[in-house]
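Chains A and B are the protein sequences, given in the same order. Here this note's numbering is used: the first residue of the first sequence is 1, the next is one more, and so on. Here this note's numbering is used: the first residue of the second sequence is 222, the next is one more, and so on. Read the structure below first, then the notes.
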Amino acid sequence: MNLNPPKPTAAMRVRVTYAKEGAMRYTGHLDLQRVWERILRRSRLPVAYSQGFHPQVRLNLASALPLGMTSQCEVLDFWLYETIDPTVVAKILRPVMPPGLTVQDVQEVDLHTPALQILMRFSDFEVIFLEPIEPTGFIQRVLALLAAETLPREWRQKNYDLRPLIQSLEVIPPDPTHPLRLTMRLSSQENANARPEEVIAALGFDSLTTRIRRTALIFVS
Amino acid sequence: MTLTPQEIESRLERVLLTVQKPGRYVGGELNQVVKDWDSIATHVALVFPDIYDIGLPNLGLAILYDELNRRADVWAERAYCPWLDMEAVLRQAGIPLYSLESKHSLADFDIIGFTLPYETLYTNALNVLDLSGLPLFSNDRTTAHPLVIAGGHATYNPEPMAPFIDAFVIGEGEEVIHEIVDVYQAWKRSGRPRQNLLSSLAKIKGVYVPSLYQVSYQPDGAIQSVEPLADEARLPVVKRILAELPAPLTHFIVPSVDVVHNRVPVEIMRGCTRGCRFCHAGMVQRPVRERPVAEIIRAAQEALDATGCEEVALLSLSSSDYTQIIELVQSIGAHFAGQQISITLPSLRIESFSVELMDRLHESKRAGGFTLAPEAATERMRQIINKPVSTQQLLETVKAVYQHGWTSVKLYFMIGHPSETLEDVQAIVDLCKSVLAVGHSVIGGRAKVHAGIGTFVPKAQTPFQWVSCDSIEQVRAKLDLLKHGLRNPNIKLTWNEPEDTFLEACLARGDRRTAEVIYRAWQKGAKFDAWQEQYRYPLWVEAFAETGLDPFFYSHRTRPQEEIFPWDHINAGVRKSFLLQDYRWSLEGRTRPDCREQCYACGILPAFSELRLAYPDAAWKCP
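So this is what it looks like as structure tokens:
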């Protein structure tokens, strides 16, 4: 069944900030697109579809969150054929969200703003180490890493330099309620994308013994 | 001794990112059911013994999940096989197989229920028990262990799995699963030995407790007799059916990672009256029961609302035979217009009317090709298997398909039908070329043909349960002929490896002694036998050799008409004498018409006469 009415044009672009947590952190980027398509179908909002032979919900996810990481600041855009108050859109979306995805904020954005991927500049991450770590030695390692001119690394059989992709690293010492944490601001652009696991590996640790959370997406202002 | 869910989750967190597609192993999907573990009387783990991707879409288990979770005193959870990488990780990290919802070890459950839709899952079922730290053999399990039950189409011959399973459910599970839980709960309150549980289960109609039967063999290996060892052991065990199909399921679990058949299914009809002789489902799913059009439309809409899926599959063994198929397709058109969803209607008859039906369902979409299943390429062969379609009718249908805008036709054939010769196989080559020529004449060089070749495996409870399955060499010779003959850039050929067919053939008509072969093959590392790339045939050859059983006895042997079969004490409602008559007719090349027109006394009506009296309005499609 595919009784397509003549295509109306999108009337509104909606930007959603959402959390990705729980079991959903093991859902990869492509699968997440489908999860969102189904959220929007369940919402019955007048969602805009792509043109063509296989019309699909028009979706634009800002930046792929690596598998296993959580975030409370993921961003996506979709389009509506009608203009609807963003607070109403949020109210409609919340009950149809699957476990692990939570709507934080809904905004209307200008229809002509460039795609989110083009606007993306940096991602902030927070890393918690599950095994105890001696803070002084750790700080030394971080300083050494920041002091390095280049950090040659290999990712999927491709050599690259990690160092220019690291904007900043900061160690937050353990306190009675928190273990040692490492925060980082990494480049998040299409051809200059750093993965926090790579930084952790460059520091000499196994990312499997960490818990990583994305804490902010930084867009071009 | 087993790990707590917290311990399991904490260990999992450190290993999940080392395996492919970890989303298979975490649960937490939309519409999964979560309850409070401690406040639930009976915990049931429903297991599809293959990976999540294959098991999640299974409608049978989804129905039982829903049935059980409607009860306040039961929590049904799910478990699937870990893929090889995850199995290694689980064993290494000392993590038992766990349920996706609560992350409890399967050993913590009261009841483990397997679905066994096909035979090549048997080693996986053993692996699931082993990964759960449970004894594989029913005899070795005690009151401290879960009750292990199994159902599904393969269990119409339960014997190869008899030593591993405490009780089998024969037939439809929607009602009997509740009776099993009730019996289990009463037994648990009673504090009596495990044997009492098995005896009580045996009293339930449709439940087969294999340990309550003694099998003896003749010197030639055939069955001498199957004797009940207790009063409560029924002989035969007659399958369970529902007089009327229950309200269709709509709250499907929506996977957060991709799976096969990522769509919502709506069963429009159960059973089939066509009587294709090779078809196991067509024999064991009788009688035909249809759902009303309005109920189907309502269910499809509810399922779409609950899941957000973009595709609905209308399921049945033969969509064209659904009495109100035109009304159904028209109502779908009226109801779902503009919703951007696709509807699939599989199993259409080979006639141009089917093309019209598909045309109405797919206003503009022509992707995916048009599937037809002639099963055999000569009219002689199609008479033997009782799927009488003329080649002319096929070619006319194909012409209509290409004319209506499809560019690809998928044709399903089986090789290895009884009495099939290389000429019959050559006819598949010729027919595919004729179909392509029709395509060329209609749409020119864009026309494509896809020939999907299955290999016939004789199944228990069918008219062909007496016949010999082709040997590996015979199958290979036929496949070679096809591969050679269909070398054409516009013809795509897909097939099953002969070794896989051979294994299925040995297990499908196996007896209780084959359990030892399954056990040994599993010990040697056999698993995922349904996966062609998991080539473990030599392990099976070794396992047969060690047990002293001849695989050809099971696969490559024409049975005498009077032979007692290992599954004769399991009754699918169709009489053995009817199956035998149908087998004889096939030897004469005589077809049996659709039994919606005239009753041929297969036995289903007398087998369920009480049920029919109790539900006089039930719309069985028996005349």
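Note that CB positions come from ideal geometry on N, CA and C, so glycine has one too. Source: prediction; values computed, not measured.
If you look at K91 (chain A), you'll find it in the alpha helix (DSSP H) that goes 86 to 93. For D479 (chain B), the residues of chain A that pass the 9 Å Cβ criterion are L30, D31, R34, in the order they occur in the chain. Cβ-Cβ separation between H790 (chain B) and L456 (chain B): approximately 6 Å, consistent with a contact (criterion under 8 Å). Beta-bridge partners of F78 (chain A) (DSSP): A:V14, A:L59. With the criterion set as a beta carbon lying under 8 Å from some beta carbon of chain B, the members of the region 64 to 79 of chain A are L67, G68, in sequence order. In its chain, beyond the 5 residues on either side, G373, H374, A375 have a beta carbon closer than 7 Å to the beta carbon of P338 (chain B). Secondary structure at S689 (chain B): coil, using DSSP grouped into helix, strand and coil. Counting only the Cα atoms, A527 (chain B) lies some 43 Å from S432 (chain B). Put simply, of B:T364, B:A597, B:Q551 the residue whose alpha carbon is nearest the alpha carbon of R581 (chain B) is B:Q551. Secondary structure note for M602 (chain B): its alpha helix (DSSP H) is the uninterrupted segment 600 to 605. Following the DSSP letters along the chain, one finds E523 (chain B) inside the alpha helix (DSSP H) bounded by residues 514 to 528. A direct Cα-Cα distance of roughly 50 Å separates C493 (chain B) from A62 (chain A). A371 (chain B) is a Cβ neighbour of I386 (chain B), given a cutoff of 8 Å. For N345 (chain B), no beta strand (DSSP E) segment is defined; the enclosing uninterrupted segment is the alpha helix (DSSP H) at 343 to 352. Residues of chain A with a Cβ closer than 8 Å to the Cβ of E250 (chain B) are, in chain order, A23, P98, P99.
When Cβ-Cβ separations below 8 Å define contact, R58 (chain A) makes no contact with chain B. 8 Å or more divides the Cβ of F335 (chain B) from the Cβ of H264 (chain B). Partner residues in a beta bridge of F829 (chain B), as assigned by DSSP, do not exist.
Neighbours of C816 (chain B) in chain A, taken as residues at a C-beta separation under 7 Å, are lacking, since the least C-beta distance is about 32 Å.
By the neighbour-count definition (other C-beta atoms within 10 Å, threshold 16), A266 (chain B) is a buried residue.
Among the CB atoms of chain A, none fall inside 8 Å of the CB of E548 (chain B). In the structure shown, L277 (chain B) adopts coil according to DSSP, grouped into three states. Taking 8 Å as the CB threshold, P86 (chain A) stays off the interface with chain B. Unbroken alpha helix (DSSP H) stretches of 4 residues or longer found wholly inside the region 690 to 722 of chain B: 693 to 706, given in chain order. Sorting B:P278, B:I739, B:V514, B:F786 by C-alpha distance to the C-alpha of V481 (chain B) places B:P278 at the top. Interface flag for Y49 (chain A) against chain B is set, since a Cβ pair is found closer than 8 Å. Judged by DSSP secondary structure, W788 (chain B) falls outside any alpha helix (DSSP H); it is assigned neither H nor E. No Cβ of chain A is located within less than 8 Å of the beta carbon of L569 (chain B). Taking 8 Å as the cut-off, the Cβ atoms of A668 (chain B) and L652 (chain B) do not count as close. Setting aside the 5 residues that flank it on each side, A297 (chain B) is surrounded in the same chain by V265, L267, Y286, L289, N290, each with a C-beta closer than 6 Å to its C-beta; the list follows chain order.
With respect to the 8 Å criterion, Y343 (chain B) and I739 (chain B) are classified as neighbours on the basis of their beta carbons. The Cβ-Cβ distance between S353 (chain B) and P317 (chain B) falls below 8 Å.
Boundaries around S575 (chain B) are those of the alpha helix (DSSP H), 573 to 582, since no beta strand (DSSP E) includes it. Interface residue (Cβ-Cβ distance to chain B less than 8 Å): Y160 (chain A) is not classified as such. The shortest CA-to-CA distance from E308 (chain B) to any of B:S260, B:V255, B:Y246, B:E340 is the one to B:Y246. At the C-beta level, A828 (chain B) and N792 (chain B) come within 8 Å of one another.
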